[in-house]
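Report on the following structure.
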Amino acid sequence: MLKINKASFSDFLTDVMRYNELVAPVMTDNSRFETIKDVSKIDIRIHAYFPAKKFFFKKCQTLFTYYDGKIKVPEIELDKNQRIMIGLKRCDLNSIKRQDIMFLQETKDPYYQEERERTLLIGYHCSEPYDDYCFCSSMDLGDFYDLMLYEKDDAYLVEIGSDKGRGFVDRYRKYFWDTDLYIRPHERRTETRLHLNKREISGLRNNPEWKKEISKCFSCAACVTLCPSCYCFDLYEETNAKLDKVQKKRNWASCQLTCFTKVAGNHVFRETREDRFKHRIFHQIKYFKQKHGMNLCTGCGRCIRGCPTKINWVDMLNRM
Ligand code: SF4
Ligand code: SF4
14 MLKINKASFS
24 DFLTDVMRYN
34 ELVAPVMTDN
44 SRFETIKDVS
54 KIDIRIHAYF
64 PAKKFFFKKC
74 QTLFTYYDGK
84 IKVPEIELDK
94 NQRIMIGLKR
104 CDLNSIKRQD
114 IMFLQETKDP
124 YYQEERERTL
134 LIGYHCSEPY
144 DDYCFCSSMD
154 LGDFYDLMLY
164 EKDDAYLVEI
174 GSDKGRGFVD
184 RYRKYFWDTD
194 LYIRPHERRT
204 ETRLHLNKRE
214 ISGLRNNPEW
224 KKEISKCFSC
234 AACVTLCPSC
244 YCFDLYEETN
254 AKLDKVQKKR
264 NWASCQLTCF
274 TKVAGNHVFR
284 ETREDRFKHR
294 IFHQIKYFKQ
304 KHGMNLCTGC
314 GRCIRGCPTK
324 INWVDMLNRM
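Take our numbering: the final residue in the sequence shown is number 333, and no numbers are missing along the way.
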């Protein structure tokens with residue numbers, strides 16, 4: 014087992030920042046992952062209000078441009094600096110795993126792939142839940158990281174999860190020490206106070222409990238925007254005034270908005286708020302698992318924490 018002393022952690026991060034893009038959780042107007050200019054702003058314990066997914070799957074991206082009879086695709090910049098992302102929690106890391114399934118498993122998305130390949134993921138294990146909205150201990154999360162940090166007294170114990178992680182440790186070996194300390198099984202778990210008691214929800218679609226919570230929802234889509242696992246996007250074209258240049262773009266999309274299922278002829282497949290709300294929960298807990306063998310939801314709690322009317326769908330399912 015390796016450790017890195019807290020006393021040298023700041024020097025380590027400064028050194029990393031010198032040659033790499035360093036991304037970490039910081040507290041600004043709200044907590045978020047940001048590219049770091051000043052390491053004193055980093056607090057790796059923060060469970061960021063906004064997820065880190067925008068670094069891989071951009072909110073808005075131009076996929077190609079059609080101009081002068083030619084299609085121009087933005088160049089993939091393979092020589093970009095390596096990005097070191099530190100302070101990801103187990104829920105964040107597992108959400109990246111779900112996004113990898115969507116963007117890399119079948120048809121590979123070159124834009125996503127470029128960002129993923131240049132990024133090293135360093136996790137931070139939460140020894141206790143960040144707040145009452147976390148429920149990761151009831152979800153099927155696995156180990157998915159390049160390096161994982163566990164806080165132990167005046168040091169962080171470091172677990173290596175990939176060759177990429179091992180290569181990184183070798184590069185910064187002067188900060189890492191061998192240690193006899195180890196992580197006990199209970200120290201690998203985080204027992205959350207909120208718990209989803211049952212994940213088999215097939216028989217619950219017509220339960221009357223939905224109505225109460227759905228009546229509080231006004232389809233603002235904050236839940237989906239804040240979700241680190243949600244991956245839906247919209248494709249559209251933008252033209253210039255002369256109509257001789259077209260950009261094909263994509264934006265994050267939200268299943269909570271009626272436009273999400275609108276098709277030609279103005280037909281909307283999920284017109285009622287109830288249909289949209291239920292679809293979100295069934296996708297997170299059932300449909301994705303049917304196809305990929307794991308829940309899409311990783312229990313980060315962001316959709317409940319960020320909901321303006323604090324709709325707690327975990328409590329709702331438990332009551333059912
Ligand atoms: S954040 Fe809350 S109010 Fe907004 S769409 Fe989601 S569940 Fe509805
Ligand atoms: S559905 Fe909610 S709790 Fe689950 S991963 Fe998305 S934001 Fe987190």
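Glycine included, each C-beta is placed from N, C-alpha and C at the ideal position.
Of the residues Gly278, Lys177, Cys320 and Asn94, the one whose Cα lies closest to the Cα of glutamate 128 is Asn94.
Runs of alpha helix (DSSP H) with 4 or more residues, each lying fully within the stretch 72-158, are found at 103-113 and 123-130, listed in chain order. Where phenylalanine 282 is concerned, there is no enclosing alpha helix (DSSP H), because DSSP gives it neither an H nor an E.
The criterion of a C-beta distance shorter than 8 angstroms is satisfied by isoleucine 214 and leucine 330. Your pair arginine 96 and proline 142 does not check out as a contact, with CB atoms roughly 28 angstroms apart and the cut at 8 angstroms.
Around the CB of arginine 289, 16 or more other CB atoms lie within 10 Å, so the residue is classed as buried.
Using a Cβ-Cβ distance cut-off of 8 angstroms, the stretch 156-171 and the stretch 187-199 are in contact, since at least three pairs of beta carbons, one from each stretch, lie closer than that value. When the alpha-carbon of tyrosine 158 is set against those of Glu172, Asp81 and Ser150, the nearest one is in Glu172.
In the DSSP assignment, asparagine 264 forms a beta bridge with Cys73 and Asp247.
For ligand 1, the residues with a Cβ under 6 angstroms from any of its heavy atoms are, in chain order, Cys230, Phe231, Ser232, Cys233, Ala234, Ala235, Cys236, Gln269, Cys320, Pro321, Thr322 and Ile324.
In this structure, DSSP gives threonine 238 a helical state, which the three-state scheme calls helix.
Counting of Cβ neighbours within 10 angstroms places lysine 291 among the buried residues, the total reaching 16 or more. Per DSSP, the unbroken alpha helix (DSSP H) holding aspartate 176 starts and ends at 176-184. Between lysine 121 and tryptophan 265 the beta-carbon gap is near 20 angstroms, outside 8 angstroms, which marks them as no contact.
Remark: the shortest separation between the CB of arginine 315 and any heavy atom of ligand 2 falls under 7 angstroms.
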